[in-house]
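Chains as they are written, first to last, in UniProt numbering: chain A, 1 to 339; chain B, 1 to 339.
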DNA sequence: CTGTTAGCGCTTTCAA
DNA sequence: TTGAAAGCGCTAACAG
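Given below as structure tokens:
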């Protein structure tokens, strides 16, 4: 109890500052700094004790913004997305948020649904000072991201790898091949492919893998339907293609959302719980495919595992060496009623 | 083109600073500050021109962290949630993110799925310095939030209003009454209520409104099923209650997710596309209820409108005066196949 | 309109 | 081990 701190009085509006604590504990500000430092710094136990006590008394909180001015580290991580409409995002982001927070990072969500927004963020915001940027949005390549955020550390998750940045990508090959194999084992000989937004590199790659897997297993691709984007609605429209007499043995969709649309479009005409005229395969393994109404066979990866890789890169940036190949997370085939 | 800036050379690692620009443009740092200020400050057009040009040349970006050290404003807004599992979140957060960014704010997502996490955030992070906290999580009251974030500006969206903080709440009454009225008009006399996590004040209030609306319309509540939380799975389990011969005329669920579960549970036994033995009403008006498989009559509010109110509070904190009542956003009833 | 001068709250040499 | 002092990058009076 120091009844007369000699520094200026704590301004409750702003919160107590280091100077207030230093005055109360009768030490220098430097000592306060050391007392709060995470890595060991020279300080006598008694003084540390005094400081901590004084801090508690004043309700002192180190100002991390001020801190970051000198340390150049903000404990902020940016998550850059096109939007968060996609159902698949929900499952992932909760997991991600949790992981980042466990690392002591706080997550800045940045939505860039068009390229012209990029400019806006260059002007605006604290975003420049994040420790790392986790990039889902495919609006930009790694180079752009690295300059957009002053951070030199971007983790690419948008299928646009870059030798200078770490990347994590699901390895669709395994899962898709398993799906196609499953189909052939059930007698599928012809197939249709329902694709999403083809400007996305991820989608491009996925399509190639399907094409390859199909030909590899001797399945003839008789039809390709561009469904516009990964939405239910686009899938529903695409579904109209499969109502005629002449339908392929199987329909592969590059997203579960589209597959759900296809399924419902068929149900609108033939009220079975699954399309009996063809087998249906989705992609993403949305938690929704566990709902009874959408028992869609799908391809997915372990999101915890995916996020773990990201977290590792964030926690130990040095675990990445320029030139390292993208980390790949295996996918697997999940069989459900439609497949 | 100044071929010899007289200040220190720009350190490309950190990025150019105000001093670099000032040197290049041959003005004082204060002038640079003014040139970049949003609100009008005295500066001659020529000098502003020179500064902007120099800045462009150097790729200078004002450091908003440093800025906030003096201005006490960070342009950061915290969104505090329990988690982002709920399907209803998806629709809302994208909208919110967009709105905040339009205001030039960046959004910090903070996930506090348990009360003990609060402590962690008190120690950690930049969160203390946000300009505003938008609170969905019901883990804490306004007072706690106000001290958790040093910000004195919290917007309560969790149904825990506080005289000192603005709040926005959906006015469930309108929509729920409309739903019940719709039911009675269709001959409903008895009803069951499927409830969610009752520790949530929002849920508590919602239940009361249902009870009131039911009795008001002369509908007898014959059964209440606690479905645990707002999930499909809990709804599915609850659905078992409605498979016997003796079922109520209508089942009201306090969330669409539960209603979807109830619907599928019934379908598992009676393969109609809607439960023919009772009418089914949900709540939230999830975009999923527009999917053909879940044509659930529901109660919802206009999310754009909801978010607009929030945005207004953030943009003009003074539009709130302590003691003001919560802003309420009307809900409406959306009739679909099941209702 | 402009430049000078203090800070904002904290970290980090560098002597003591 | 400690404290003084010099910044980090920027804003905000205050004279001129």
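Positions of the beta carbon are idealized from the N, C-alpha and C atoms, including for glycine.
Point to revise | Pairwise C-alpha distance: residue 270 of chain A and residue 294 of chain A | key: Taking the first residue of the first chain as position 1, residue 294 of chain A is located at position 294. Taking the first residue of the first chain as position 1, residue 270 of chain A is located at position 270. So the alpha carbons of these two residues sit roughly 15 Å apart.
Check your understanding: Using the rule of at least 16 other Cβ atoms within 10 Å of the residue's Cβ for burial, across every protein chain shown, is residue 316 of chain B buried or exposed?
Key -> Taking the second chain and counting its residues from 1, one reaches residue 316 of chain B at position 316. Classification of residue 316 of chain B: exposed, given that the 10 Å Cβ count is below 16.
Practice item. Name the two residues that bound the continuous alpha helix (DSSP H) containing residue 22 of chain B. Key: What you label residue 22 of chain B is simply residue 22 of the second chain in a count that begins at 1. 18-25 is the extent of the alpha helix (DSSP H) around residue 22 of chain B.
Check your understanding: Once you ignore the five residues that flank residue 311 of chain A on each side, which residues in its own chain have a CB closer than 8 Å to its CB?
Key -> Position 311 of the first chain holds residue 311 of chain A. Closer than 8 Å at the Cβ level, and outside the excluded window around residue 311 of chain A, lie 99, 100, 102, 103.
Practice item. Say whether chain A places a C-beta atom closer than 7 Å to the C-beta of residue 337 of chain B. Key: Counted from its first residue, the second chain places residue 337 of chain B at position 337. Not closer than 7 Å to any Cβ of chain A, the Cβ of residue 337 of chain B fails to qualify, so no.
Point to revise | residue 32 of chain B and residue 47 of chain B closer than 7 Å at C-beta | key: Indexing the second chain from 1 puts residue 32 of chain B at position 32. Indexing the second chain from 1 puts residue 47 of chain B at position 47. No, these two residues do not count as a Cβ contact at 7 Å.
**Study point:** For residue 9 of chain B, three-class secondary structure by DSSP
**Key:** Residue numbering aside, residue 9 of chain B sits at position 9 when the second chain is read from its first letter. Confidence in residue 9 of chain B is poor, its pLDDT being 36 and thus under 50, which makes the residue's placement unreliable; the coordinate value appears in the next sentence. It is coil, neither helix nor strand.
Review point. Where do the N-terminal and C-terminal ends of the alpha helix (DSSP H) with residue 176 of chain B fall, by residue?
Key: Start at 1 with the first residue of the second chain, and residue 176 of chain B comes out as number 176. Where residue 176 of chain B is concerned, the enclosing alpha helix (DSSP H) stretches over 172-185.
Review point. Does the distance from the CB of residue 166 of chain B to the CB of residue 313 of chain B come in under 7 Å?
Key: Position 166 of the second chain, counted from the start, is the residue given in the question as residue 166 of chain B. Position 313 of the second chain, counted from the start, is the residue given in the question as residue 313 of chain B. Their beta carbons are under 7 Å apart, which means residue 166 of chain B touches residue 313 of chain B by this criterion.
Review point. What residues in its chain sit with their C-beta under 8 Å from that of residue 334 of chain A, if we drop five residues either side in the sequence?
Key: Stepping through the first chain from its first residue, residue 334 of chain A is reached at position 334. So the list reads 285, 289, 297, 298, 299, 300, once near-sequence residues are dropped.
Practice item. Closer than 7 Å by C-beta to residue 209 of chain A: which residues in its own chain qualify, once you throw out the five before and the five after it? Chain order, please. Key: Position 209 of the first chain, counting from 1, holds the residue named residue 209 of chain A. Here the set comprises 172, 173, 176.
Check your understanding: Is the Cβ-Cβ distance between residue 191 of chain A and residue 236 of chain A less than 7 Å?
Key -> As a working mapping, residue 191 of chain A is identified with position 191 in the first chain. As a working mapping, residue 236 of chain A is identified with position 236 in the first chain. Contact: no.
Check your understanding: At a cut-off of 6 Å, is residue 128 of chain A close to the ligand NAP when judged by its beta-carbon and the heavy atoms of the ligand?
Key -> By its list of ligands, the structure shown contains no ligand whatsoever, and the ligand NAP lies outside what it can speak to.
Practice item. Measure the alpha-carbon distance for residue 189 of chain B versus residue 227 of chain B and round it to whole angstroms. Key: Along the second chain, one-based indexing puts residue 189 of chain B at 189. Along the second chain, one-based indexing puts residue 227 of chain B at 227. The alpha-carbon atoms of residue 189 of chain B and residue 227 of chain B are separated by roughly 23 Å.
Check your understanding: What whole-angstrom Cβ distance do residue 126 of chain A and residue 156 of chain A have, given they're in contact under 8 Å?
Key -> In the first chain, residue 126 of chain A corresponds to position 126, counting from 1. In the first chain, residue 156 of chain A corresponds to position 156, counting from 1. No, residue 126 of chain A and residue 156 of chain A are not in contact; Cβ-Cβ is about 22 Å, not under 8 Å.
Check your understanding: Is residue 327 of chain A near residue 168 of chain A, with beta carbons less than 7 Å apart?
Key -> Along the first chain, read from residue 1 onward, the residue named residue 327 of chain A stands at position 327. Along the first chain, read from residue 1 onward, the residue named residue 168 of chain A stands at position 168. Yes.
Check your understanding: Given that a residue counts as buried once 16 or more other Cβ atoms are within 10 Å of its Cβ, and exposed if not, what is residue 161 of chain A?
Key -> For the purposes of this step, residue 161 of chain A is taken as the residue at position 161 of the first chain. So residue 161 of chain A counts as buried.
Check your understanding: Distance, Cα to Cα, residue 52 of chain B vs residue 27 of chain A?
Key -> Along the second chain, read from residue 1 onward, the residue named residue 52 of chain B stands at position 52. Along the first chain, read from residue 1 onward, the residue named residue 27 of chain A stands at position 27. C-alpha separation (whole angstroms): 45 Å.
Exercise for review: Could you tell me which chain B residues have their CB closer than 8 Å to the CB of residue 309 of chain A, listed as they occur along the chain?
Suggested key: Within the first chain, numbered from 1, the residue matching residue 309 of chain A stands at position 309. The premise fails here: residue 309 of chain A is roughly 20 Å from chain B at the closest Cβ pair, so nothing lies under 8 Å.
Practice item. Taking only beta carbons into account, state which residues of the region 233-260 of chain B come closer than 8 Å to chain A, listed in chain order. Key: 236, 260
**Study point:** Sequence-distant residues of the same chain with beta carbon closer than 6 Å to residue 36 of chain B, five excluded per side
**Key:** Position 36 of the second chain holds residue 36 of chain B. Correct list, in chain order: 62.
Review point. By DSSP, does residue 110 of chain A sit in helix, in strand, or in coil?
Key: Position 110 of the first chain, counted from the start, is the residue given in the question as residue 110 of chain A. It is a strand residue.
**Study point:** Buried or exposed by the 16-neighbour rule on C-beta atoms within 10 Å, applied to residue 337 of chain A
**Key:** Taking the first residue of the first chain as position 1, residue 337 of chain A is located at position 337. The residue in question, residue 337 of chain A, is exposed, as its Cβ has fewer than 16 Cβ neighbours within 10 Å.
Point to revise | Proximal chain B residues relative to residue 68 of chain A, where beta-carbon distance stays under 7 Å | key: Position 68 of the first chain, counting from 1, holds the residue named residue 68 of chain A. Residues of chain B passing the Cβ test: 65.
**Study point:** Closest residue to residue 128 of chain A among A/225, A/217, A/330, A/79 (Cα-Cα distance)
**Key:** As a first step, residue 128 of chain A is located in the first chain; it is residue number 128 there, counting from the start. Closest option to residue 128 of chain A, Cα to Cα, is A/79.
**Study point:** Endpoints, alpha helix (DSSP H) assigned at residue 76 of chain A
**Key:** Locating residue 76 of chain A in the first chain gives position 76, counting from the first residue. No alpha helix (DSSP H) contains residue 76 of chain A, which is instead part of the beta strand (DSSP E) from 76-81.
Review point. What does residue 293 of chain B touch in chain A if you count any residue whose Cβ is under 7 Å from its own?
Key: On the second chain, position 293 is the one that residue 293 of chain B refers to. Going along chain A in sequence order, the residues near residue 293 of chain B (Cβ under 7 Å) are 264, 293, 294.
Check your understanding: Expressed to the nearest angstrom, what Euclidean distance is found between the alpha-carbon atoms of residue 10 of chain A and residue 17 of chain A?
Key -> Numbered from 1 along the first chain, position 10 holds the residue referred to as residue 10 of chain A. Numbered from 1 along the first chain, position 17 holds the residue referred to as residue 17 of chain A. Any reading at residue 10 of chain A must be qualified, since the residue scores a pLDDT of 36, below 50, and its modelled position is unreliable; no value is offered.
**Study point:** Proximal residues to residue 207 of chain A (C-beta, below 8 Å), its chain only, five neighbours per side dropped
**Key:** On the first chain, residue 207 of chain A is found 207 positions in, with the first residue counted as 1. The answer, listed in chain order, is 193, 195, 198, 254.
Review point. At which residues does the alpha helix (DSSP H) containing residue 283 of chain A begin and terminate?
Key: Numbered from 1 along the first chain, position 283 holds the residue referred to as residue 283 of chain A. Premise fails: residue 283 of chain A is in no alpha helix (DSSP H) and is neither H nor E.
Point to revise | DSSP beta-bridge partners of residue 229 of chain B | key: Here residue 229 of chain B is taken as the residue at index 229 of the second chain, counted from 1. DSSP, once it has assigned bridges, lists no residue as partnering residue 229 of chain B.
Check your understanding: Using Cβ-Cβ distances below 9 Å, what residues of the region 318-338 of chain A are close to chain B?
Key -> none
Review point. Span of the beta strand (DSSP E) holding residue 190 of chain A?
Key: Residue 190 of chain A sits at position 190 when you count from the first residue of the first chain. Taken as a continuous stretch (DSSP letters only), the beta strand (DSSP E) holding residue 190 of chain A covers 190-195.
Review point. In the structure shown, what three-state DSSP assignment does residue 157 of chain B receive?
Key: Working through the second chain from its first residue, we reach residue 157 of chain B at position 157. Note: residue 157 of chain B maps to coil in three-state DSSP.
Review point. Mind pulling the chain B residues with CB within less than 7 Å of residue 15 of chain A?
Key: Counted from its first residue, the first chain places residue 15 of chain A at position 15. Residues of chain B passing the Cβ test: 150.
Review point. Which of the three DSSP states, helix, strand or coil, is assigned to residue 301 of chain B?
Key: By 1-based counting over the second chain, the position of residue 301 of chain B is 301. In this structure, residue 301 of chain B counts as strand in the three-state DSSP scheme.
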